[in-house]
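Residue numbers (my numbering): 178 to 365.
This report refers to the structure that appears directly beneath it.
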């Protein structure tokens, strides 16, 4: 079972020793094989990325904050325009592969209030399936999940690993309404 990942970013115009490369994998590179809370000490910007193994969440702000993007094995020659990313990768988190059952409880209100539903599979639209208009908190018991602000796995996304998430607003996601959820399976 492969639980490690390798992510290589590229940026142009960076004079740092461990810089990344420009679009289409030009320039210098920085290789990341684990979580990195602040990539600015290694590079000033990142315009392309190659994921050689595993899955990663990349963030446009340090400390795993800001907009999030899911990357699996593959090449992202100009991910900024492809994903609609306005900035550069500032932090990244490796996603450990989970084998076994997936379980997550979603709640209509903060602090696990209101309607509750337990998911063990992907849900492409909570409004259609559960008659829920909002998902404001969740408890991930098993597995790793991506939650999307629009039905059918579209729009901005957020990564959730096992734990309790009592308030998405307190996590800096005040403007987001999650409407679909997908398990991160061994597709990486």
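Every residue gets a Cβ at the ideal spot worked out from N, C-alpha and C, and that includes glycine.
| residue 275 versus 338, 355, 296 and 288, residue with shortest Cα-Cα distance | Within the chain shown, residue 275 is the residue found at index 98, counting from 1. The shortest C-alpha separation from residue 275 is found at 338.
query = Can you give the Cα-Cα distance for residue 227 and residue 267, rounded to whole angstroms?
reply = Locating residue 227 in the chain shown gives position 50, counting from the first residue. Locating residue 267 in the chain shown gives position 90, counting from the first residue. Looking at the backbone, the Cα of residue 227 and that of residue 267 are separated by about 16 Å.
Q.
Output needed for residue 327: all residues of its chain with C-beta closer than 6 Å, excluding positions within five of it in sequence on either side, in chain order.
A. Against the chain shown, residue 327 aligns to sequence position 150. Sequence-distant partners of residue 327 (beyond 5 residues in either direction) whose C-beta falls short of 6 Å from its own C-beta, in its chain, are 356.
- Would a C-beta distance cut-off of 8 Å place residue 359 and residue 336 closer than the cut-off? As a first step, residue 359 is located in the chain shown; it is residue number 182 there, counting from the start. As a first step, residue 336 is located in the chain shown; it is residue number 159 there, counting from the start. No, the Cβ-Cβ distance between residue 359 and residue 336 is not below 8 Å.
Cβ-based neighbour list, residue 213, same chain, cut-off 7 Å, excluding 5 preceding and 5 following
As a working note, residue 213 is residue 36 in the chain shown. The answer, listed in chain order, is 268 and 269.
>> Using only the alpha-carbon positions, how far apart do residue 254 and residue 222 sit?
In response: On the chain shown, position 77 is the one that residue 254 refers to. On the chain shown, position 45 is the one that residue 222 refers to. Cα-Cα distance, rounded: 14 Å.
At what residue ranges does the segment 231-289 contain a whole run of the alpha helix (DSSP H), taking only runs of 4 or more? The alpha helix (DSSP H) runs of length 4 or more contained entirely in the segment 231-289 are, from start to end of the chain, 256-260.
- Message: Would residue 308 and residue 295 qualify as a contact pair, given that the criterion is a beta-carbon distance under 8 Å?
- Response: Here residue 308 refers to the residue found at position 131 when the chain shown is read from its first residue. Here residue 295 refers to the residue found at position 118 when the chain shown is read from its first residue. The Cβ-Cβ distance between residue 308 and residue 295 does not fall below 8 Å.
Out of 298, 304 and 303, which one is the CA nearest neighbour of residue 318? Position 141 of the chain shown, counting from 1, holds the residue named residue 318. Looking at the Cα atoms, 298 is the closest of the given residues.
Using CA coordinates, which residue listed in 340, 240, 323 and 248 is at the minimum distance from residue 349? Taking the chain shown and counting its residues from 1, the one referred to as residue 349 is at position 172. Residue 349 has its Cα closest to that of 240, out of 340, 240, 323 and 248.
Taking the alpha carbon of residue 245 as the point to measure from, which residue in 347, 346 and 323 has its own alpha carbon closest?
-> Walking along the chain shown from the start, residue 245 turns up at place 68. With distances taken between Cα atoms, residue 245 lies closest to 323.
Original post:
Can you name, in chain order, every residue of its own chain whose Cβ lies under 6 Å from the Cβ of residue 286, other than the five neighbours on each side?
Top reply: Counted from its first residue, the chain shown places residue 286 at position 109. These residues qualify, in order along the chain: 313.
Discussion item. So if DSSP puts residue 292 in a beta bridge, which residue, or which two residues, is it bridged to?
Written reply: In the chain shown, the residue the question calls residue 292 occupies position 115. Note: residue 292 sits in no beta bridge, so no partner.
Inset, instruction - Give me whichever residues DSSP pairs with residue 334 in a beta bridge. - result: Within the chain shown, residue 334 is the residue found at index 157, counting from 1. Residue 334 is bridged to 245 and 325.
request  = Per DSSP, which residues does residue 312 bridge with? Please list them.
outcome  = As a first step, residue 312 is located in the chain shown; it is residue number 135 there, counting from the start. Partner(s): none; residue 312 has no beta bridge.
- Task: For residue 215, collect the residues of the same chain with a Cβ closer than 8 Å to its Cβ; drop the 5 residues on either side in sequence, then sort them by chain order.
- Result: Walking along the chain shown from the start, residue 215 turns up at place 38. Hits under 8 Å: 239, 240, 267 and 268.
Would a C-beta distance cut-off of 8 Å place residue 300 and residue 306 closer than the cut-off? The residue labelled residue 300 in the question sits at position 123 within the chain shown. The residue labelled residue 306 in the question sits at position 129 within the chain shown. At the C-beta level, residue 300 and residue 306 come within 8 Å of one another.
When 232, 288 and 207 are compared against residue 224, the one with the closest alpha-carbon | Reading the chain shown from its first residue, position 47 is the one you call residue 224. Residue 207 is the option with its Cα nearest to residue 224.
Practice item. State the DSSP-derived secondary structure class of residue 318, mapped to helix, strand or coil. Key: Counting from one through the chain shown, the residue named residue 318 turns up at place 141. Under the three-state reduction of DSSP output, residue 318 falls in the strand class.
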